[in-house]
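Reading through the structure tokens given below for one structure.
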Amino acid sequence: MVTPLKEEELSKHIIISYKPNAKYAYTAGQAQSKYLLGLKEGKIYGRKCNKCGKIYVPPKMYCDECFRPTDEWVEVKDEGIVMTAVASFISWTRARLEEPEIVGVIRLLPSNDRDFVYPGIFHRICTSYEEVKNMSVIGKKVKAVWKPKEERKGSIEDIQCFKVI
Amino acid sequence: MKVNIYLNKRVAVIGAGLTLFRRRLLETPQEMAWEAARKALDEAGLELRDIDCVVIGSAPDAFDGVHMKGEYLSHGSGGIRKPVSRVFVGGATGVMTAISGWYHVASGLCQRVLAVAEEKMSPSRPHPQAIFKYIWDPILEKPLNPNLIWIFAMEMHRYMATYGIKKEDIALVSVKNKRNALNNPYAQLGANITVEDVLKSEVLVWPVQLLDVSPVSDGAAAIVLASEDVARRYTDTPVWVEGVGWTLDNTEWPARDLAYARYVEFAARMAYKMAGIERPNKEIDVVEPYDPFDYKELHHLEALQLAKRGEAPKLLKEGVFDIDGDIPSSPSGGLLGVGNPIAAAGLMKVVSIYWQLKGTAGKMQVKKPVHTGLAQAWGDLMQAGTVIIMRN
Amino acid sequence: MSWEKIGKEGSLLRWYDVMEADKYEYTVGPAGEQFFNGLKEGKIIGSKCPKCGKIYVPARLYCEDCFVKIDSYVEINKDEAYVDSYTIIYRDDEGNKLDVPAYIALIRFPNTKGGILCYAEGNVKIGGKVKIISFQWPLRVKVE
Chain X
1 MVTPLKEEEL SKHIIISYKP NAKYAYTAGQ AQSKYLLGLK EGKIYGRKCN KCGKIYVPPK
61 MYCDECFRPT DEWVEVKDEG IVMTAVASFI SWTRARLEEP EIVGVIRLLP SNDRDFVYPG
121 IFHRICTSYE EVKNMSVIGK KVKAVWKPKE ERKGSIEDIQ CFKVI
Chain D
1001 MKVNIYLNKR VAVIGAGLTL FRRRLLETPQ EMAWEAARKA LDEAGLELRD IDCVVIGSAP
1061 DAFDGVHMKG EYLSHGSGGI RKPVSRVFVG GATGVMTAIS GWYHVASGLC QRVLAVAEEK
1121 MSPSRPHPQA IFKYIWDPIL EKPLNPNLIW IFAMEMHRYM ATYGIKKEDI ALVSVKNKRN
1181 ALNNPYAQLG ANITVEDVLK SEVLVWPVQL LDVSPVSDGA AAIVLASEDV ARRYTDTPVW
1241 VEGVGWTLDN TEWPARDLAY ARYVEFAARM AYKMAGIERP NKEIDVVEPY DPFDYKELHH
1301 LEALQLAKRG EAPKLLKEGV FDIDGDIPSS PSGGLLGVGN PIAAAGLMKV VSIYWQLKGT
1361 AGKMQVKKPV HTGLAQAWGD LMQAGTVIIM RN
Chain Z
2001 MSWEKIGKEG SLLRWYDVME ADKYEYTVGP AGEQFFNGLK EGKIIGSKCP KCGKIYVPAR
2061 LYCEDCFVKI DSYVEINKDE AYVDSYTIIY RDDEGNKLDV PAYIALIRFP NTKGGILCYA
2121 EGNVKIGGKV KIISFQWPLR VKVE
């Protein structure tokens, strides 16, 4: 039979400890490089597949439904509709946060609400915990709040959050 | 009910084993896999030398902290000097291990297969949840410092908003499963709680609260599969695998309907077609949907076509999914009650259906007579669905 | 259809990140504890299968061929250890050059299954007799 342990009992047993050392340099590739450089300029770029008409944000060099290369770069607005939003009281290490961190999925315009696949972005939303709790923020229109031009580095952190307008 | 006449090699499950599921165990991963495999072999009446092929299922290597975990575990799963394959589809791995074992036998390649799933989540520091940070896209999503529970919270909130479901209705799943887990000797968290307890528990990521979530666990599970002629030599009550299905969907946020799990629907249809099931809500007697969060059970019951979209909470309140209802759901206590070692949890659900169909589930046995059972698992960044259907 | 190379190669970006945890704390398991407790007393502990009689070093909880549980732990005669194979390393695991090249040896014990990897010194050769000079983990041995 296996032996369950409590956390306090762990120190009575023999443990081997090790810290991994794994650093990576990921390439952004063609599509995401232009997307990140566009964020530095304050614009959101997407790629369009002319066969099915889908606009991919974040952009991809191939359309995964038609399975062919996408055709052209398009710029989408930095405004959109909130599809879902949540308020987090825990950090990624399971430590407790005092102020909730609010994130959500935003459908960027132009698109319409019958689209199954839409240009969208997963980012922070600047709103109050109450608005999340009573679900009133879902369906509201939001606009990106950009960092000042000097502070933008070419990453998704160049947008501070999306604010309700 | 039509029987699939194209399936000429029937496969049966003839033995199963589980270890206790607990927050941390002393044993190394190999020793845990060995214990589950030993119990499965004992029930089947076989020795290790009778096994032809071994299938190992284990989720991210980063939890146990050993790369090439399949090779590492093959020592404890009896895989030395045998054909071994490893499957990995995130959380759906558990049922995928059973499906992989099935096709090893159904293809005619192997006659007796041992399928083992194991997970040890306790070695990682600061907390196993921190390991989940690396499943996100490194360029587009990780800079936000996401934690795992965000994904489920977003899906839950969208589900609640689309169908107008309240938290009280969803909390009933947690109450039901933890109560069912009291009957399960392997369970980590069996308890009698109320909807009030769930709503008062610590808010992790609104709308997800502490008692809505399944815990981090260590554990292992194993089953033995055999072809028809072999199975009949070892047991009078083999449990046949009648249908399997699996599907993957898109990892990207904007490309999925968060309120409905269509990947599970496609996997389920594949399995139903194979098993000859045309009206699932009349022909399935007992179901084990994957429930790492309480709302996921409702989400999956709808995707499995056992309830109309948005109607699962209503049927839950009427008692259809209770242990003495029309379609008992998660009689073992599910992941909320028993524990969630990622890969072993799915195989635990398959083992639970096996026990129900064999009649050896003890106190967990459902009241009505059962002939067809379904186990389902779900995983990755919420986009892999695997389904297995068994009959006695 | 053809893939055109759009965009200048020079403006492709690289994103630096890590894929690490703070650390891992591995439990050694019940059989491992017998082995490591034995090291503290200067002994090498193995386990013996009740069915086939094979002896495993370091101690294991179950026999890999019979697949049954092993409950008996035996002390292995450490004077009979020999070098099964060895290699010389010039850099450490991060690629930094070592001041003095190190010998890594795989030592085995007669009539047992399994072996232990350790640092070696002295007249390191295949088949050489081994004396364990440090029971800290990893072991250090001297080859005569």
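Chains as they are written, first to last, in my numbering: chain X, 1 to 165; chain D, 1001 to 1392; chain Z, 2001 to 2144.
Using N, Cα and C, we set each Cβ at its ideal position, and we do this for glycine too.
Owing to the predicted nature of the structure, the values given are computational and were not obtained by experimental measurement.
Quiz item: Using a beta-carbon distance below 8 Å, is residue 1364 of chain D in contact with chain X?
Solution: no
Quiz item: Under the rule that 16 or more other beta-carbon atoms within 10 Å means buried, what is residue 1231 of chain D, buried or exposed?
Solution: buried
Quiz prompt | Counted within 10 angstroms of its Cβ, other Cβ atoms place residue 17 of chain X as buried (16 or more) or exposed | solution = exposed
Exercise. Measure the C-alpha to C-alpha separation of residue 37 of chain X and residue 2089 of chain Z and round it to an integer number of angstroms.
Key: 45 Å
Quiz prompt | Paired residues, beta bridge with residue 1018 of chain D - DSSP | solution = D:1221
Practice problem: Note down the Cα distance separating residue 1301 of chain D from residue 1094 of chain D, rounded to an integer number of angstroms. | Solution: 18 Å
Practice problem: Identify each residue in the region 2024-2039 of chain Z for which the Cβ-Cβ distance to at least one residue of chain X is less than 8 Å, and report them in chain order. | Solution: 2024, 2025, 2026, 2027, 2028, 2030, 2032, 2033, 2036, 2037
Quiz item: How is residue 30 of chain X classed by DSSP in three states: helix, strand or coil?
Solution: helix
Quiz item: Just to confirm, are residue 1375 of chain D and residue 1353 of chain D a CB contact at a threshold of 8 Å?
Solution: yes
Practice problem: Classify residue 2099 of chain Z as helix, strand or coil using the three-state DSSP reduction. | Solution: strand
Self-check item: Those runs of the alpha helix (DSSP H) which lie wholly inside the region 1017-1060 of chain D and span at least 4 residues
Solution: 1029-1044
Quiz item: Just the Cα atoms here: how many angstroms apart are residue 2001 of chain Z and residue 39 of chain X?
Solution: At residue 2001 of chain Z the pLDDT is 40, less than 50, meaning the model places this residue with poor confidence; the figure from the coordinates comes in the next sentence. Rounded to the nearest angstrom, the two C-alpha atoms are 30 Å apart.
Quiz item: If you run the structure through DSSP and keep just helix, strand and coil, what is residue 2003 of chain Z?
Solution: The pLDDT assigned to residue 2003 of chain Z is 49, lower than 50, so where the model puts this residue is not dependable; a value taken from the coordinates is nonetheless given after this. If DSSP states are grouped into helix, strand and coil, residue 2003 of chain Z belongs with coil.
Quiz item: What are the complete beta strand (DSSP E) segments, minimum 3 residues, inside the region 72-121 of chain X?
Solution: 72-76, 79-90, 96-108
Exercise. Could you say which of D:1372, D:1388, D:1338, D:1219 lies nearest to residue 1174 of chain D if we only look at CA atoms?
Key: D:1338
Quiz item: residue 2111 of chain Z: buried (16+ other C-beta within 10 angstroms of its C-beta) or exposed?
Solution: exposed
Quiz item: In the region 1133-1160 of chain D, which residues sit with their C-beta less than 7 Å from some C-beta in chain Z, listed in chain order?
Solution: 1134, 1138, 1139, 1142
Exercise. Name, in chain order, the residues that DSSP records as bridge partners for residue 2016 of chain Z.
Key: X:25
Practice problem: Say whether chain X places a C-beta atom closer than 8 Å to the C-beta of residue 2059 of chain Z. | Solution: no
Quiz item: Out of curiosity, what's the CA-to-CA distance linking residue 1052 of chain D and residue 1183 of chain D?
Solution: 35 Å
Quiz item: Would DSSP call residue 1201 of chain D helix, strand or coil?
Solution: coil
Quiz prompt | CA nearest to the CA of residue 1292 of chain D, picked from D:1265, D:1336, D:1040, D:1285 | solution = D:1336
Quiz item: Do residue 2120 of chain Z and residue 2103 of chain Z come within 8 Å of each other at the CB atom, strictly closer than that value?
Solution: yes
Self-check item: Between the CA atoms of residue 1178 of chain D and residue 1192 of chain D - distance to the nearest angstrom
Solution: 7 Å
Quiz item: Of all Cβ atoms in chain Z, is any one closer than 8 Å to the Cβ of residue 14 of chain X?
Solution: yes
Quiz item: Rounded to a whole number of angstroms, what is the C-alpha to C-alpha distance between residue 1390 of chain D and residue 1056 of chain D?
Solution: 21 Å
Exercise. Taking the CB atoms as reference points, tell me whether residue 1078 of chain D and residue 1117 of chain D lie closer together than 8 Å.
Key: no
Exercise. Give the interface partners of residue 18 of chain X over in chain Z, defined as CB-CB distance under 8 Å, in chain order.
Key: 2023, 2024, 2026
Self-check item: Collapsed DSSP secondary structure at residue 1193 of chain D in the structure displayed
Solution: coil
Quiz item: What do you reckon, are the CB atoms on residue 85 of chain X and residue 132 of chain X nearer than 8 Å?
Solution: yes
Quiz item: Given a threshold of 16 other Cβ atoms within 10 Å of its Cβ, counted over all protein chains shown, does residue 145 of chain X qualify as buried or as exposed?
Solution: exposed
Quiz item: So what does residue 1390 of chain D bridge to, in DSSP terms?
Solution: D:1241, D:1373
Quiz item: So which of D:1388, D:1147, D:1024 has the shortest CA-CA distance to residue 1378 of chain D?
Solution: D:1388
Exercise. Tell me, to the nearest whole angstrom, how far the beta carbon of residue 1153 of chain D is from that of residue 1105 of chain D; I am working on the premise that it is less than 8 Å.
Key: The pair is not a contact, with the Cβ atoms about 40 Å apart (cut-off 8 Å).
Quiz prompt | Cβ contact check for the region 120-137 of chain X and the region 1234-1250 of chain D: 3 or more pairs under 8 Å | solution = no
Exercise. Return the Cβ separation of residue 55 of chain X and residue 46 of chain X in integer angstroms, given the expectation that the two are a contact with Cβ distance under 8 Å.
Key: 5 Å
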